[in-house]
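Some notes on the structure that comes next.
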Amino acid sequence: MKRSCIPVLILFLGLILAGQNSSSQVVNKFGIKGGLILSKLSMNEFVSDAFSYEPERKYKFLSFDIGLYAELFDSRFFCVSTELHYNVKGEESFEDFMILQPNRQNDGFEFKKVNDRFHYISLQVLPRWRFMVNTEDKLYVFGGPRFDLRIGSSKSGGTSDIPLSNGIIESGFTVGFGNEFWELLITEFRYEINLSNVYNITYGNTVVKRKNHSFSLLMGLSLKKLLKIHF
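Counted from 1, the sequence shown has number 603 at position 82 by our numbering; the numbering is strictly sequential.
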């Protein structure tokens, strides 16, 4: 798990160091973010015979998101926020969600459990457009691509019967809005949608695709402003 994180972390720190070595104001701010994330695994098609599952239930999962950010190419109304996050997404189905699979003897079928919590290192590149409210507040909207490296997975309330691979990169988009106070504190509301599947389930001629969808509420702190660091 740790080895998978190292290249992503080096890339992100390299962006910050590149700004330090430049005579221009490439890196305007850098800091930390953290908060809550509410996620759910979607299903493009439900096959009642293939799952032990209650589709009317809301198998949502409340977890956390922590990260680092650096604002690049800053101007009065625009910047690009490059961010590196660690978060946990999925659903909280416990023993409710199981998949019909061949049994160990290969002479029949049985319902098996599959992991429903997924750990990610997420690299995000988010262009941001600002709207000046007053000298202390800056509202902004943002949106851009996201690349999630899956570094682990687990099963809520037990263990999985079906192995899932780690080291997989899932792509998606992040959009949202926020507010910046005194160029020091930020609050953000985000919606994240995956383009890649977390995993697929094949049942006859039907392929059921499961994707992460999540909402998050984050708070941020500019370390550059707090520590009065000047490049």
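A virtual CB, placed ideally from N, CA and C, is assigned to each residue, including glycine.
Only a predicted model underlies this, so the values are computations on that prediction, with no experimental measurement involved.
Short check: CB of Lys730 to CB of Asn721, under 8 Å? Taking 8 Å as the Cβ cut-off, Lys730 and Asn721 qualify as a contacting pair.
Beta-carbon separation of Ile642 and Tyr590 under 8 Å? In this structure, Tyr590 does not lie closer than 8 Å to Ile642 by Cβ.
With burial defined as no fewer than 16 other Cβ atoms inside 10 Å of the residue's Cβ, what is the status of Asn542: buried or exposed? Legend: pLDDT at Asn542 = 47, less than 50; position of this residue unreliable, value from coordinates given subsequently. Answer is exposed; the Cβ neighbour count stays below 16.
Apply the 10 Å Cβ neighbour rule to Leu557 and answer buried if 16 or more other Cβ atoms are within range, or exposed otherwise. The residue is exposed, with fewer than 16 neighbouring Cβ atoms inside 10 Å.
Whose C-alpha, out of Cys600, Asn565, Asp586 and Ser584, is nearest the C-alpha of Lys550? Ranking Cys600, Asn565, Asp586 and Ser584 by Cα distance to Lys550 puts Cys600 first.
If we call anything under 8 Å between Cβ atoms a contact, is Phe632 one with Gly611? For Phe632 and Gly611, no; Cβs fall outside 8 Å.
Which residue's Cα is closest to the Cα of Phe594: Ile620, Pro648 and Ser563? Taking Phe594 as reference, the option from Ile620, Pro648 and Ser563 with the minimal CA-CA separation is Pro648.
Look up Lys581 in the DSSP assignment and give the residues it is bridged to. Note: Lys581 is not bridge-paired with any residue in the DSSP secondary-structure output.
Can you list, in chain order, the residues of its chain whose CB lies under 6 Å from that of Val696, leaving out five sequence neighbours each side? Counting only residues of its own chain and dropping the five nearest sequence neighbours on each side, Val696 has a CB closer than 6 Å to the CB of Gly664 and Tyr712.
Euclidean distance between Cα positions of Val548 and Leu660: Spanning the two alpha carbons is a distance of roughly 20 Å.
Between the Cα of Leu716 and the Cα atoms of Ser735, Lys579 and Leu705, which residue gives the shortest distance? Among Ser735, Lys579 and Leu705, the Cα nearest to that of Leu716 is on Ser735.
From Ile714 to Gly693, what does the alpha carbon distance come to, in whole angstroms? Cα to Cα, Ile714 sits roughly 6 Å from Gly693.
When burial is assigned at 16 or more other CB atoms within 10 Å of the CB, is Ile672 buried or exposed? Burial call: buried.
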